[in-house]
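Student:
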Amino acid sequence: MNGGSLGLRTGSYGLLQNINRAIAGGEISKSLSNVRKSSTKMLSGIREKERPLPNAWYRYIGCRKFSMLLLIAFALLVFALGSFVVNKDSTSPNVLQRIGTLGIVPYVNGGHHEASQILGEKDKKKDENRFQIPAFKGASVLPFHHPCANFTFPPPPPPTRRRLGPRPCPVCYLPVDQAIASMPSSSSASPVLHNLTYVLNENPIKSEPHGGSDFGGYPSLKQRNDSFDIKESMAVHCGFVKGSKPGHGTGFDFDESDLAELQQFHDIIVASAIFGNYDIIQHPQNISEEAKKNIPFYMFVDEETEAFMKNRSILSSSKWVGLWRIVVIHNVPYSDARRNGKVPKLLLHRIFPNVRYSIWIDGKLQLVVDPYQVLERFLWRQNANFAISRHYRRFDVFVEAEANKAAGKYDNSSIDEQVDFYKKEGLTPYSEAKLPITSDVPEGCVLIKEHIPITNLFTCLWFNEVDRFTSRDQLSFAIVRDKIMTKVDWSINMFLDCERRNFVIQVSIYYVLAF
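If you're matching positions, the sequence shown starts at 0 in numbering that gives the first Met the number 0 and goes up one per residue.
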């Protein structure tokens, strides 16, 4: 990416599963059938009009040009009909939530959603001005001379032209050199909490029925509740309860050579993981020379994934695959590969104790924007220290739980137990009363974080909920965030999911295998 020009990405990427869903639902085949019927009528009508035409007109057009016109007309008809195809899943009455953007912008996921729809149509105009608020309460207004000060989303497409699946929307990034210059010279202040340490226990014993593990310990409900009472100095459970240091006899263990590497100081790291050979490694694109030189990219893999990579000659003894430095994990603490993935996702500050900023991306995703630009856009420009995108459709935990049950993401009884527990603690369905909080459900595949005590506490306690209940971290996000926010002046930048889709994309596995 050229550092001398304004970085404005407007690319659009579809999701294979949404297209497959539409095919499975018969919507695309119906559309194609209509196209065939319409095109037959169109061709027969053209033939009827051919007959009275004089021979001179035939000679002028010629067979080739006439065929070209037919092809163009047919293509336009297919495009027009395709524009009206509606994603069957997006209108499901069981899990549908029309999230809108709460009046921030009228452009969501490449399509148009009405602002403030949680209020209902009759209240939208009345409350229009009340919803003109920033997505993150700590965000500052850009100075007039800022390159992105006048950036606005393009006009949304007409409501009748709905597109298949969620889409990216344009994002204004600073050129790389300006983004680098925007990096704060010192750490953000951590409200109230200044000293955070972690519980160690060589022989963790389960004393209560609710969850926990030998890796994360078995904090009692009292210890859990005490961990939300924010003080200047705190000691909390945060994984790695055994051993002298994370990755050394704790479960989720590293090679000695990797342990030394992970202790190094870095301003910024990018991290990801593949466990159970579940994904195919994705290579970052559009990365500046400055980032390649100064920002390490770490990919955590288990022994199963390592063996596959070696058998396919993807991984050699150098431990590098493209920009990724491969870190092999031994003695994984859980039998569930997805639950193992929560360890580096939520506990990067424990693995990298000397890092200022991190960007976590799930193993299925490809980073396509420079890390400096991502951090400038979603942390530094917003005066934020933690950023995550909202779910593209759902913003209510209770609806998210039902969607997880319907999709078979986890056993229903465990999901019900977790949600009922949170309900007793005071969790309520999302409503406008929570503003300026715009969602209770994140799209948790990307985390952008400054490593300071309050954000480290947040991800520790979020991990503890995942360890105690189900591994569906979208269910536990809001309860942890809200409990911390009631104690200290702190919040999270929950940006639009269409913005996330601008800087990370999900590449089809078939595309990857083809190349």
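Every residue gets a Cβ at the ideal spot worked out from N, C-alpha and C, and that includes glycine.
Given that a residue counts as buried once 16 or more other Cβ atoms are within 10 Å of its Cβ, and exposed if not, what is D439?
Tutor: D439 is buried by the Cβ-count criterion.
Student: Within 10 angstroms of its Cβ, does N200 collect 16 or more other Cβ (buried), or is it exposed?
Tutor: It is exposed - the Cβ of N200 has fewer than 16 other Cβ atoms within 10 Å.
Student: Helix, strand or coil for M484? Go by DSSP, reduced to three states.
Tutor: Looking at M484 - three-state DSSP - the assignment turns out to be helix.
Student: Does F377 come out as helix, strand or coil in the three-state DSSP assignment?
Tutor: Helix at F377.
Student: Alpha carbon to alpha carbon, how far is D335 from D361?
Tutor: If I take the Cα positions, the gap works out to 16 Å.
Student: Taking DSSP as the reference, what is the three-state secondary structure of F227?
Tutor: Coil, per DSSP.
Student: Do you know whose CA, among G238, H329, L345, lies nearest E255's CA?
Tutor: When only C-alpha atoms are compared, the closest one is H329.
Student: In angstroms, rounded to a whole number, what distance separates the CA positions of P441 and K241?
Tutor: Taking the straight line joining both Cα atoms gives about 31 Å.
Student: In or out: W489 buried (at least 16 other Cβ within 10 Å) or exposed?
Tutor: The residue in question, W489, is buried, as its Cβ has 16 or more Cβ neighbours within 10 Å.
Student: Should A406 go down as buried or exposed, given a rule of 16 or more other Cβ atoms within 10 Å for buried?
Tutor: Exposed: under 16 other Cβ atoms inside 10 Å.
Student: Quick check: what's the CA-CA separation for S317 versus I325?
Tutor: Each residue's Cα considered, the two are about 9 Å apart.
Student: Please report how far the alpha carbon of G216 lies from the alpha carbon of P343, in whole angstroms.
Tutor: Cα-Cα distance, rounded: 17 Å.
Student: Given a threshold of 16 other Cβ atoms within 10 Å of its Cβ, counted over all protein chains shown, does T454 qualify as buried or as exposed?
Tutor: So T454 counts as buried.
Student: For H282, which option in G275, V269, N276 has the closest C-alpha, if you only look at C-alpha atoms?
Tutor: Closest option to H282, Cα to Cα, is V269.
Student: Using three-state DSSP, classify E201 as helix, strand or coil.
Tutor: It is coil, neither helix nor strand.
Student: Between F251, P169, M233, P156, which lies nearest to K341 when the distance is taken from Cα to Cα?
Tutor: Looking at the Cα atoms, F251 is the closest of the given residues.
Student: Can you name, in chain order, every residue of its own chain whose Cβ lies under 7 Å from the Cβ of L258, other than the five neighbours on each side?
Tutor: Excluding sequence neighbours, L258 sits near G246, H247.
Student: Apply the 10 Å Cβ neighbour rule to N149 and answer buried if 16 or more other Cβ atoms are within range, or exposed otherwise.
Tutor: Under this definition N149 is an exposed residue.
Student: Specify the secondary structure class of H348 as computed by DSSP and reduced to three states.
Tutor: Of the three classes helix, strand and coil, the one that applies to H348 here is helix, per DSSP.
Student: To the nearest angstrom, how far is it from the Cα of S357 to the Cα of L192?
Tutor: Between S357 and L192, the C-alpha separation is close to 20 Å.
Student: Measure the beta-carbon distance from E302 to G275 and round it to whole angstroms, keeping in mind my assumption that it falls under 8 Å.
Tutor: About 10 Å separates the two Cβ atoms, so there is no contact after all.
Student: DSSP three-state call for T415: helix, strand or coil?
Tutor: One detail in the question is off: residue 415 reads as Asp in this sequence, not Thr. In this structure, D415 counts as helix in the three-state DSSP scheme.
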